[in-house]
């Protein structure tokens, strides 16, 4: 929790502008704060071991480093301390990607390395991030436990690329396709899993894949969606619904109830894709969300734990407060990465209607569930509930 509190304190300092320390060697911006806040929440849900603390330290170095060597070293440490060889190989790819940028750029400083970003380094980074998010586990019937810190490191490495420079359309397309394939495939595995723990690991991979898809939008709306999805993932890790959860808390955590953080996160990912002008992929995002709700609904069993109940209420509170959350946490995140983002859209807080997704022409392309749309949005959660009842015969 110290890491989370530290990230929150720094976030209050960078609302207007990010800043650097030690002549640019340390960068404190919206991405640094989001990574620290999310990593702190994830560590609380993981048994305390020296490996996890080492991963947290490496992730902190990568998040705060303004030098490509420090960024690559931090990512390498965070991945090397994982217990899975696949994650370690992903760390080598991420570190190699940033090292290649440094060798080909005029400077190793993050802010002056834009000329070093090329297709080879991008492929290495995308491959590393997708492996960390669980892409290789799709071919395994019984995947190992999900390393959430490694997935966060991979997603943060992709987001940090926007600090270096803009992406070309080929890089965006590759990220959208890889992320979308991982998201819906993992959600399908989660919906068909027989054990609650197995379903939960697939759900976490699906959320990571959906985050990668949102990153591929390369827009402020996509970056905002990533922030919400990561917070939703952290809350599910904290709640540990596979250990037992009451029905009402389980459905709140599933994101099936409009107004909860999970629902807003799913909506934001779809809205970012709509704002980017890719409606077919938005359908994939909502199909992923629906499968995820179904899988989460099938997990509801046993006696509710105080932890899951408390976290479910926290998710509801954060969802209701999402306009304020967008202003406080997500807007600095996208503002500080603006140099590499495309003008494909943004997510704006908008009074009683909740949130609006604006396209490149500043036209509303999607509206979050507000008072006027609440009844319509309930249908999505009700559909997931009905499918679950039909499937289980209860």
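Numbering (my numbering), first residue to last: 145 to 538. Virtual Cβ for every residue (Gly too), placed ideally from N, Cα, C. Computed from a prediction, not measured in an experiment: that's the story for all the values here.
- Between the C-alpha atoms of residue 336 and residue 405 there is a straight-line separation of about 24 Å.
- Three or more pairs of CB atoms, one per stretch, sit closer than 8 Å, so the stretch 246-255 contacts the stretch 207-223.
- A Cβ-Cβ separation of about 17 Å leaves residue 275 out of contact with residue 304 under the 8 Å criterion.
- In this structure, DSSP gives residue 211 an extended state, which the three-state scheme calls strand.
- In the structure shown, residue 284 adopts coil according to DSSP, grouped into three states.
- In this structure, residue 188 keeps its C-beta atom at 7 Å or more from the C-beta atom of residue 202.
- Distance from the Cα of residue 347 is smallest, within the candidate group 255, 167, 435 and 319, for 435.
- Residue 454 sits in a helix when the DSSP states are folded into three classes.
- Residue pairing from DSSP places residue 165 in a beta bridge opposite 170.
- Residue ranges of uninterrupted alpha helix (DSSP H) with 4 or more members, entirely inside the stretch 179-208 and ordered along the chain, are 194-208.
- A direct Cα-Cα distance of roughly 22 Å separates residue 456 from residue 293.
- Within the same chain, and ignoring the five residues on either side of residue 279 in sequence, the residues whose Cβ sits closer than 6 Å to its Cβ are 326.
- Bridge pairing for residue 253: 211 [DSSP].
- For the 7 Å CB-CB criterion, residue 261 and residue 309 form a contact.
- Across the set 223, 209 and 300, the C-alpha of 209 shows the shortest separation from the C-alpha of residue 255.
- Residue 374 and residue 314 have their C-alpha atoms roughly 25 Å apart.
- Nearest in C-alpha terms to residue 331, of all of 323, 349 and 290, is 349.
- Closest by C-alpha distance to residue 485, out of 345, 420 and 438, is 420.
- Pairing residue 318 with residue 269, the inter-Cα distance amounts to about 12 Å.
- With contacts defined as CB atoms closer than 7 Å, residue 358 and residue 366 qualify as a contacting pair.
- Distance from the CA of residue 277 to the CA of residue 441, rounded to the nearest whole angstrom, comes to 23 Å.
- Fully enclosed alpha helix (DSSP H) runs of no fewer than 4 residues occupy 340-360, 364-383 and 391-398 of the stretch 333-402, in order along the chain.
- In the DSSP assignment, residue 472 falls outside any alpha helix (DSSP H), carrying neither H nor E.
- Of the residues 180, 478 and 167, the one whose Cα lies closest to the Cα of residue 150 is 180.
- By the 16-neighbour rule on beta-carbons within 10 angstroms, residue 389 is buried.
- When only Cα atoms are considered, residue 343 and residue 471 end up about 33 Å apart.
- Within the same chain, Cβ atoms closer than 7 Å to the Cβ of residue 329 are found at 282, the five residues on either side in sequence being excluded.
- Under a 10 Å Cβ-count criterion, residue 402 is classified as buried, with 16 or more other Cβ atoms of the shown protein chains found around its own Cβ.
- Contact annotation: residue 429 and residue 412 have beta-carbon atoms that are not nearer than 7 Å.
- For residue 286, the CB contacts under 8 Å within the same chain, skipping 5 residues up- and downstream, are 342 in chain order.
- Proximity to residue 369 across 499, 172 and 156 peaks at 499, based on C-alpha coordinates.
- For residue 391, same chain residues with a beta-carbon under 6 Å away, outside a window of 5 residues either side, are 444 in chain order.
- In the three-state DSSP reduction, residue 311 falls in the coil class, being neither helix nor strand.
- Sequence-distant partners of residue 242 (beyond 5 residues in either direction) whose C-beta falls short of 8 Å from its own C-beta, in its chain, are 212, 215, 216, 219, 265, 269 and 301.
- Residue 482 and residue 306 have their alpha carbons spaced roughly 7 Å apart.
- Straight-line spacing of the CA atoms in residue 185 and residue 148 works out to 7 Å.
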